[in-house]
Amino acid sequence: MEVQSELAAEFVRVFDSEPPEAIQWAFREWRLQSSFFPAIADIAKLISQWHGGVDQQDQKKIEANAAWNYVNEYLGEWGADRLPVYSGGGQKTSPPPLDARTEYALRRIGGLRALNHVDLEKMPFMYRDFCEAYSLAPMAESMAPLLAQQFSEQKLLGEIKQLAKAKTIQGEKLPGKSPKNAR
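Per the numbering used here, the sequence shown starts with residue 53, numbered consecutively.
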């Protein structure tokens, strides 16, 4: 009985801000689609449909596709090198900066230069990689401090120095360190 009350409390917590009509509609739709009890994600997806929205996966795909289109237009206007444009009066116009998420996705596919020189046969693969990177960018940004700490240059240098100091392994000389192996 305790598990059921905890599950009910979780549903109430998650969908507290939703209108009761949306929740009732979602559960009614779920009963028509499945004979199993729904997960919270299942009901959330149906509530999103009730609101007239798209599900989260579709929203991510649409957003990544819009970013891909923008990057291609940006490339056409500013070029791979992002050089400023000078008007007839000598006025300099610099390209606008790209947001961090788009920059991350571009780095993952090799940058504007790689996009500029991609073969038509490879374009679908580059598009796929860009969209995947665009979707992962927020997670990558949030993990950056942890990864910097885990894979920092100082840590790497410390491990290399430790390896260099190791002169014996179980009392034997390391290969390449004895005079016999020297040429």
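Built from N, CA and C at the ideal position, the CB exists for glycine as well.
Given the structure is predicted, the values throughout are model-derived calculations rather than measurements.
Item                                                                                                               : Value
Lys97, buried or exposed, once every other Cβ within 10 Å from all chains shown has been counted against 16        : buried
Straight-line Cα distance separating Glu184 from Glu70                                                             : 31 Å
For Ala93 and Arg62, the rounded distance between their alpha carbons                                              : The identity of residue 62 in the sequence shown is Glu, whereas the question assumes Arg. Looking at the two C-alpha atoms, the distance is approximately 12 Å.
Three-state class that DSSP yields for Val64 in the structure shown                                                : helix
Where Ala237 falls, given that 16 or more other Cβ within 10 Å makes a residue buried                              : Because residue 237 is not part of the residues shown, which for the chain are 53 to 235, the question remains open.
Buried/exposed call for Thr154, threshold 16 Cβ in 10 Å                                                            : buried
Best match in Ala200, Ala157 and Leu135 for proximity to Pro147 [C-alpha to C-alpha]                               : Leu135
Three CB pairs or more closer than 8 Å across the region 117–126 and the region 75–89                              : no
Backbone secondary structure at Val170 - three-state DSSP                                                          : coil
Candidates Trp102, Pro149 and Tyr186, of which the one nearest Ala118 by Cα                                        : Tyr186
Leu198 burial status per 10 Å Cβ neighbour count (16 or more: buried)                                              : exposed
Whole-number beta carbon distance between Ala157 and Ala189, since they are thought to touch under 8 Å             : 6 Å
Nearest neighbour of Phe177, chosen from Glu193, Arg160 and Ala192 [CA to CA]                                      : Arg160
Distance between Gln143 and Gln109 (C-alpha atoms, nearest Å)                                                      : 44 Å
Close-in-space but distant-in-sequence residues of the same chain around Arg235 (CB under 7 Å, 5 per side omitted) : In this prediction, Arg235 scores a pLDDT of 49, lower than 50, which makes its location untrustworthy; no coordinate-derived value is stated.
Neighbour-count burial assignment, Ala44, 16 or more Cβ in a 10 Å radius                                           : For residue 44 there is no data in the structure shown, the boundaries of the chain being 53 and 235.
Residue of Gln201, Asp68, Ala192 and Glu73 minimising C-alpha distance to Ala152                                   : Ala192
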